[in-house]
Amino acid sequence: MENKFLDRVSDLIINKTARQSITAELESHILDKADYYEEIGYSKEVAMQRATEEMGNPDDTAVPLNALHKKGVVKGVWSIITAVFSVSFSLLCFNVIPIEHRFYYADNNYTIYHTLTADFISMLVLFLFVFLLYKAYRHKNLTAGTILILSLIVMLVANLTNEVNDGIQFAIFQPLFYPVITFIKCGISGYADSIFGYSYIVDSDKILYRIGAVAIFIILLLLALLIVISVLRQRRKNSQLFICQHRKSSAFNGV
Numbered sequence: 003m004e005n006k007f008l009d010r011v012s013d014l015i016i017n018k019t020a021r022q023s024i025t026a027e028l029e030s031h032i033l034d035k036a037d038y039y040e041e042i043g044y045s046k047e048v049a050m051q052r053a054t055e056e057m058g059n060p061d062d063t064a065v066p067l068n069a070l071h072k073k074g075v076v077k078g079v080w081s082i083i084t085a086v087f088s089v090s091f092s093l094l095c096f097n098v099i100p101i102e103h104r105f106y107y108a109d110n111n112y113t114i115y116h117t118l119t120a121d122f123i124s125m126l127v128l129f130l131f132v133f134l135l136y137k138a139y140r141h142k143n144l145t146a147g148t149i150l151i152l153s154l155i156v157m158l159v160a161n162l163t164n165e166v167n168d169g170i171q172f173a174i175f176q177p178l179f180y181p182v183i184t185f186i187k188c189g190i191s192g193y194a195d196s197i198f199g200y201s202y203i204v205d206s207d208k209i210l211y212r213i214g215a216v217a218i219f220i221i222l223l224l225l226a227l228l229i230v231i232s233v234l235r236q237r238r239k240n241s242q243l244f245i246c247q248h249r250k251s252s253a254f255n256g257v
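For what it's worth, the working numbering labels the leading residue of the sequence shown as 3, then goes sequentially.
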């Protein structure tokens with residue numbers, strides 16, 4: 003179909019795949035409008051001209067469509083990054099990456115000592131989790147939010163199937179609380195001393211690490227669920243808005 007409006011929009015769409023799909027959709031829309039004008043008595047040429055004019059400025063049409071496609075690409079990239087993180091997180095939970103035992107600061111079966119590496123990795127995991135939750139919320143990314151929920155479910159399953167350690171511990175998050183508890187009990191110097199040597203975990207503190215880790219898990223799960231619910235509500239709202247606009251447009255054309 004030869005149409006200057008479509009040609010101009012096509013020239014302004016950067017991505018080739020998006021260009022083809024967008025052009026096809028706009029062409030279908032123009033043809034529908036042209037058919038309507040032909041039905042009410044306009045000639046084919048005039049009907050096509052009016053239908054094209056109603057589409058507006060091609061530059062104004064192409065710019066938001068380009069932005070929308072770019073947003074979709076960014077969303078896809080962050081979904082992939084989230085998936086990679088979640089797979090690594092799951093492997094860590096099931097001790098496929100064999101360092102998970104280092105995070106058990108609340109185990110009751112043997113003497114446990116603190117390591118700076120465990121503190122750092124635990125903080126890094128939490129930071130990445132919160133950062134990816136923020137990205138999922140910002141980009142309204144349902145896929146990323148769902149992946150993060152699944153990774154937390156995997157973590158829960160890993161805890162439930164762990165026969166070595168006592169009860170649900172969410173061990174990856176336990177070292178987060180070592181600096182806090184040490185600062186409170188011993189001050190900065192106490193934590194500094196533990197950095198340069200082995201520091202054994204006092205039995206009376208172990209329950210604090212477990213409670214803290216469980217609290218972190220619950221907070222992350224609730225945040226992920228709220229993000230997914232928010233995205234679903236927004237999609238439903240947009241869908242209802244589109245239906246209302248379509249009905250108004252149909253009623254106007256009918257008149």
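Glycine is no exception: its CB is placed at the ideal position from the N, C-alpha and C atoms. Every value quoted in this text rests on a predicted model; they were computed, and no experiment measured them.
Note on geometry: alpha-carbon atoms of tryptophan 80 and tyrosine 39 lie some 45 Å from one another. Ranked by how close their Cα comes to the Cα of leucine 225, the residues Phe122, Tyr180, Ile151 and Gly214 have Ile151 in first place. Distance from the CA atom of arginine 21 to the CA atom of isoleucine 15, rounded to whole angstroms, is 5 Å. Assigned with DSSP and collapsed to three states, glycine 78 falls in helix. In the three-state reduction of the DSSP assignment, phenylalanine 122 falls in the helix class. For leucine 158, the enclosing alpha helix (DSSP H) covers residues 144-162. Here DSSP, grouped into helix, strand and coil, assigns glycine 214 to helix. Burial state of glutamine 236 is exposed, judged by a 10 Å Cβ sphere holding fewer than 16 other Cβ atoms. Taking a C-beta distance under 7 Å as the contact criterion, lysine 142 and valine 233 qualify as a contact pair.
Excluding residues up to 5 positions away in sequence, Leu130 and Leu134 lie with their Cβ nearer than 7 Å to the Cβ of phenylalanine 87 in the same chain.
Secondary structure at phenylalanine 131: helix, using DSSP grouped into helix, strand and coil. Contact annotation, alanine 215 with phenylalanine 175: C-beta distance approximately 4 Å; criterion of less than 8 Å satisfied. A straight-line Cα-Cα distance of about 23 Å links lysine 35 and aspartate 13.
By the neighbour-count definition (other C-beta atoms within 10 Å, threshold 16), alanine 49 is a buried residue. Annotated three-state conformation of histidine 31 is helix, per DSSP. Here phenylalanine 122 is exposed: its Cβ has fewer than 16 other Cβ atoms, across all protein chains shown, within 10 Å. A distance below 7 Å between beta-carbons, with the five flanking residues on each side excluded, links phenylalanine 96 to the following residues of its chain, in chain order: Ala160.
Across the structure, tyrosine 211 and glycine 78 are spaced so that their CA atoms are roughly 36 Å apart.
Straight-line spacing of the CA atoms in isoleucine 82 and tyrosine 139 works out to 15 Å.
If you look at threonine 117, you'll find it isn't in any alpha helix (DSSP H); DSSP assigns it neither H nor E.
C-alpha of alanine 85 to C-alpha of lysine 137: approximately 13 Å in a straight line. Excluding sequence positions up to five before and after threonine 145, its CB lies within less than 7 Å of the CB of Ser81, all in the same chain and listed in chain order.
Remark: C-beta atoms of isoleucine 231 and glycine 147 do not approach each other more closely than 7 Å.
Alanine 120 is positioned such that its CB atom lies no closer than 7 Å to that of proline 181.
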